[in-house]
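Asker: Before anything else, here's the structure in question.
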Amino acid sequence: MISLIIGFLSAIVPQGLKMFQDSKDKNHELEILKLQMQAQAQGHTERVEEINAEADIGESKAVYAAYQPLSEYPKTGNVRIDGVGALLVIGINALNSSVRPVIAYYITGLYGMMKYRAGLVWTPVDTEVFFLVLGHFFGNRSMKYVFGSRK
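Numbering (my numbering), first residue to last: 144 to 294.
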């Protein structure tokens with residue numbers, strides 16, 4: 144039971160790191176904006192800061208572009224090209240979202256198979272490990288739901 148709670152709480156760590164990084168990013172953006180306002184008040188423009196800010200924005204857009212809904216992808220007008228593009232987007236998004244669960248299923252199955260082949264009995268420790276993994280996955284989904292990072 145303790146491992147279930149630990150697994151559930153382990154999903155908070157990535158969310159906390161994400162929130163910490165987000166606050167650092169926002170503080171960095173505020174600093175850049177303050178510097179730009181000072182430069183404009185003095186009549187100077189610092190082109191280097193502007194280029195860095197544009198690069199940060201471009202990088203952020205590129206990171207989030209992979210997760211945009213299918214309806215937001217540009218259409219070419221050619222049904223075949225758009226259809227293949229839609230299938231690729233759906234396939235890549237499905238693969239991206241299924242990697243962690245598939246690895247967990249594989250490791251759990253491999254662990255169970257090795258226990259069976261060795262003639263060992265499923266013990267309370269095995270149950271705790273299994274609940275730890277389940278708690279982590281369901282805790283991760285709960286944290287995404289609570290913090291609104293789902294689409």
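Beta carbons: idealized from backbone N, C-alpha and C, even for Gly. Computed from a predicted structure; not experimentally measured.
Would you kindly work out how many angstroms separate the C-alpha atoms of E174 and Q181, rounded to a whole number?
Answerer: Within the sequence shown, residue 174 is the residue found at index 31, counting from 1. Within the sequence shown, residue 181 is the residue found at index 38, counting from 1. Using only the alpha carbons, I get a separation of about 11 Å.
Asker: Answer with buried or exposed for H279, where buried requires no fewer than 16 other C-beta atoms within 10 angstroms of its C-beta.
Answerer: The count along the sequence shown starts at 1 and reaches residue 279 at position 136. By the neighbour-count rule (16 or more Cβ atoms within 10 Å), H279 is buried.
Asker: Straight-line CA distance for K169 to G262?
Answerer: Taking the sequence shown and counting its residues from 1, the one referred to as residue 169 is at position 26. Taking the sequence shown and counting its residues from 1, the one referred to as residue 262 is at position 119. Computed Cα separation, rounded: 55 Å.
Asker: What separation, rounded to the nearest whole angstrom, lies between the Cα atoms of G255 and Q164?
Answerer: Residue mapping note: residue 255 aligns to position 112 of the sequence shown, counting from 1. Residue mapping note: residue 164 aligns to position 21 of the sequence shown, counting from 1. The alpha-carbon atoms of G255 and Q164 are separated by roughly 38 Å.
Asker: Quick check on T266: does DSSP put it in helix, strand or coil?
Answerer: Here residue 266 corresponds to residue number 123 of the sequence shown, with the count starting at 1. Of the three classes helix, strand and coil, the one that applies to T266 here is coil, per DSSP.
Asker: Work out the CA separation of G282 and V272 for me, nearest whole Å.
Answerer: As a position in the sequence shown, residue 272 is number 129, starting the count at 1. As a position in the sequence shown, residue 282 is number 139, starting the count at 1. Distance between the alpha carbons of V272 and G282: 15 Å.
Asker: Per DSSP, what kind of secondary structure is T285 in: helix, strand or coil?
Answerer: Walking along the sequence shown from the start, residue 285 turns up at place 142. Correcting the residue identity first, residue 285 is Ser in this sequence and not Thr. Of the three classes helix, strand and coil, the one that applies to S285 here is helix, per DSSP.
Asker: Rounded to whole angstroms, how far is the Cβ of L238 from the Cβ of I149, which I believe are closer than 8 Å?
Answerer: Taking the sequence shown and counting its residues from 1, the one referred to as residue 238 is at position 95. Taking the sequence shown and counting its residues from 1, the one referred to as residue 149 is at position 6. Contact flag wrong, Cβ pair sits at about 29 Å.
Asker: Please tell me whether E192 and Q179 are closer than 8 Å, where the distance is taken between their beta carbons.
Answerer: Counting from one through the sequence shown, the residue named residue 192 turns up at place 49. Counting from one through the sequence shown, the residue named residue 179 turns up at place 36. Contact: yes.
Asker: Mapping DSSP to helix, strand and coil, what is M180?
Answerer: Here residue 180 is taken as the residue at index 37 of the sequence shown, counted from 1. Three-state result, M180: helix.
Asker: Where does F151 fall in DSSP's three states?
Answerer: To locate residue 151, count along the sequence shown from 1; it is residue 8. Three-state result, F151: helix.
Asker: Looking only at C-alpha atoms, which of V289, F290, S285 sits nearest to F151?
Answerer: The sequence position of residue 151 within the sequence shown is 8, counting from 1. Selected option, being the one with the closest Cα: S285.
Asker: CA-CA distance, I194 and H171?
Answerer: The residue you call residue 194 lines up with position 51 of the sequence shown. The residue you call residue 171 lines up with position 28 of the sequence shown. Approximately 14 Å between the Cα atoms of the pair.
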